[in-house]
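Engineer: Submitted below is the structure of interest, expressed as structure tokens.
Residue numbers (my numbering): 6 to 399.
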């Protein structure tokens with residue numbers, strides 16, 4: 006029987022699994038055209054006319070036959086749903102108890118304080134009076150994802166579903182890593198594209214990544230090693246396993262030093278993984294399975310340090326790779342999308358499908374000889390998409 010891959014948008018991880026011959030079925034919200042050409046897919050939107058929710062995914066899964074389950078965003082926020090999905094089956098991901106701990110802000114905050122991990126000041130409901138007025142504060146969903154629902158705090162009492170986190174100016178970034186519960190390997194770092202209006206994205210919402218993250222040459226090694234230490238400590242404390250990610254901001258501390266501030270832990274396969282697959286000629290899904298079985302690419306090394314890293318060239322690429330999520334501006338009906346994959350587009354909608362204003366159209370892949378060239382390639386692709394769907398170009 007197959008592996009069920011389940012979450013909000015499963016196309017990228019399904020591509021990785023199929024590439025290595027894993028038998029999979031997928032259950033997600035969108036059920037996009039390119040995914041349905043690749044695997045047996047079930048879509049809340051297309052097959053069941055249901056809005057997205059973790060509970061809806063669980064209910065639909067009850068009619069499917071599978072012997073193992075791998076989950077992606079945003080099921081890390083629903084450990085009880087993960088437990089139900091995995092009942093009587095093999096769970097290819099962090100177990101519910103791990104999710105409950107690492108996604109609990111009080112637990113994470115106290116651990117970071119003890120482990121000297123730079124976490125921006127974070128306040129829970131009832132602690133608003135402790136907010137330093139000299140800082141800007143973000144109000145963010147306690148169990149959020151993708152930056153949705155984050156806004157600057159206006160001083161009002163916190164709803165129980167939110168936390169406050171001090172805003173750190175700097176470069177949004179992410180780190181992807183493999184872990185076996187004891188040891189960890191950082192695969193690489195990416196720049197996060199957040200709220201980019203050029204892509205039709207608003208606020209603090211995530212809308213893509215660019216690999217690799219550009220770091221100051223003189224600080225590159227020290228920053229990489231600090232991120233390795235953060236990942237190693239998180240791995241040991243929370244027994245993280247498989248492919249995981251963390252969100253970071255590369256900002257300055259009180260002494261003016263550039264530091265990686267931990268923003269959030271994503272204890273599951275992340276959206277940036279497909280960039281590492283393309284850049285480093287890896288298959289992340291198979292590495293995820295191997296890590297779940299206790300095998301890391303370079304064996305078990307103490308403290309997560311890799312004097313002979315398995316991917317040493319990742320820090321000195323001769324190209325940059327990017328992915329951007331393109332959103333509609335005013336809503337649009339899709340033209341013929343049969344050849345969109347050949348144009349470097351993924352998560353492709355169906356011909357004639359109407360996509361409401363502010364909703365994602367597709368994922369756009371790009372490449373360039375440097376970061377700026379990659380970004381310009383993304384923008385060129387966005388302009389082409391907007392022309393094809395009849396929206397004003399940027």
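Just so you know, even glycine gets a beta-carbon here, dropped at the ideal spot from N, CA and C. All figures in this text were calculated on a predicted structure; none of them were measured in a lab.
In whole angstroms, what separates the C-alpha of residue 344 from that of residue 366?
Structural biologist: Taking the first residue of the chain shown as position 1, residue 344 is located at position 339. Taking the first residue of the chain shown as position 1, residue 366 is located at position 361. The straight-line gap from Cα to Cα measures roughly 15 Å.
Engineer: For residue 371, which three-state DSSP category applies?
Structural biologist: Indexing the chain shown from 1 puts residue 371 at position 366. DSSP places residue 371 in strand when its eight states are reduced to three.
Engineer: Between the Cα of residue 168 and those of 175, 156, 177, 179, spot the shortest distance and give me the residue it belongs to.
Structural biologist: Your numbering for residue 168 matches position 163 in the chain shown. With distances taken between Cα atoms, residue 168 lies closest to 156.
Engineer: If you measure between the beta carbons of residue 181 and residue 266, is that distance less than 9 Å?
Structural biologist: The sequence position of residue 181 within the chain shown is 176, counting from 1. The sequence position of residue 266 within the chain shown is 261, counting from 1. No, they are not a contact pair.
Engineer: When burial is assigned at 16 or more other CB atoms within 10 Å of the CB, is residue 279 buried or exposed?
Structural biologist: As a first step, residue 279 must be located in the chain shown, where it is residue number 274. Buried, by the Cβ-count rule.
Engineer: For a test of the three-state rule: what should DSSP assign to residue 305, helix, strand or coil?
Structural biologist: Reading the chain shown from its first residue, position 300 is the one you call residue 305. A caution first: residue 305 carries a pLDDT of 38, below 50, which makes its placement in the model unreliable, though a value can still be read off. Coil at residue 305, not helix or strand.
Engineer: Going by beta-carbon coordinates alone, are residue 94 and residue 107 separated by less than 9 Å?
Structural biologist: The count along the chain shown starts at 1 and reaches residue 94 at position 89. The count along the chain shown starts at 1 and reaches residue 107 at position 102. Going by C-beta atoms, residue 94 is not nearer than 9 Å to residue 107.
Engineer: Any chance the region 181 to 190 sits against the region 232 to 245, with 3 or more Cβ pairs inside 8 Å?
Structural biologist: Judged by Cβ distances under 8 Å, the region 181 to 190 makes contact with the region 232 to 245, as three or more pairs qualify.
Engineer: Going straight from the alpha carbon of residue 12 to that of residue 261, what length do you get?
Structural biologist: Locating residue 12 in the chain shown gives position 7, where the first residue counts as 1. Locating residue 261 in the chain shown gives position 256, where the first residue counts as 1. Straight-line Cα distance between these residues: approximately 40 Å.
Engineer: What do you get for residue 5, buried or exposed, if any count of 16 or more other CB atoms within 10 angstroms of its CB means buried?
Structural biologist: The question about residue 5 has no answer, for the chain in this structure spans 6 to 399.
Engineer: For residue 130, I'd like the list of residues in its chain whose CB is within less than 6 Å of its CB, leaving aside the five on either flank, ordered along the chain.
Structural biologist: Within the chain shown, the letter at position 125 stands for residue 130. Cβ within range, chain order: 163, 165.
Engineer: Identify the residues that DSSP records as bridge partners of residue 288: which are they?
Structural biologist: In the chain shown, the residue the question calls residue 288 occupies position 283. Note: residue 288 sits in no beta bridge, so no partner.
Engineer: Which residue spans inside the region 69 to 141 form an unbroken alpha helix (DSSP H) run of at least 4?
Structural biologist: Here the runs fully enclosed are 84 to 91, 101 to 107, 110 to 120.
Engineer: CB-CB under 6 Å to residue 219, same chain, minus the five flanking residues each way: which ones, in chain order?
Structural biologist: Taking the chain shown and counting its residues from 1, the one referred to as residue 219 is at position 214. Hits under 6 Å: 376.
Engineer: Output the distance between the C-alpha atoms of residue 253 and residue 368, rounded to the nearest integer angstrom.
Structural biologist: In the chain shown, the residue the question calls residue 253 occupies position 248. In the chain shown, the residue the question calls residue 368 occupies position 363. So the alpha carbons of these two residues sit roughly 22 Å apart.
Engineer: Strictly by DSSP, which residues pair up with residue 337?
Structural biologist: On the chain shown, residue 337 is found 332 positions in, with the first residue counted as 1. 360, per the DSSP bridge assignment.
Engineer: Going by alpha carbons, who is nearest to residue 33 out of 22, 24, 23, 55?
Structural biologist: What you label residue 33 is simply residue 28 of the chain shown in a count that begins at 1. The residue with the shortest Cα to Cα distance from residue 33 is 55.
Engineer: Could you give the uninterrupted runs of the beta strand (DSSP E) lying entirely in the region 205 to 235, keeping only those of 3 residues or more?
Structural biologist: Here the runs fully enclosed are 211 to 216.
Engineer: Should residue 6 be labelled buried (16 or more other beta-carbon atoms within 10 Å of its own) or exposed?
Structural biologist: For the purposes of this step, residue 6 is taken as the residue at position 1 of the chain shown. Exposed: under 16 other Cβ atoms inside 10 Å.
Engineer: Would you kindly check if the distance between the Cβ of residue 371 and the Cβ of residue 336 is under 9 Å?
Structural biologist: Position 331 of the chain shown holds residue 336. Position 366 of the chain shown holds residue 371. Their beta carbons are not under 9 Å apart, which means residue 336 does not touch residue 371 by this criterion.
Engineer: Would you check if the distance between the CB atom of residue 396 and the CB atom of residue 340 is smaller than 9 Å?
Structural biologist: Along the chain shown, read from residue 1 onward, the residue named residue 396 stands at position 391. Along the chain shown, read from residue 1 onward, the residue named residue 340 stands at position 335. No. Outside cutoff.
Engineer: At a cut of 8 Å, does the region 134 to 153 reach the region 76 to 89 through at least three beta carbon pairs?
Structural biologist: Counting Cβ pairs under 8 Å, three or more are found: they touch.
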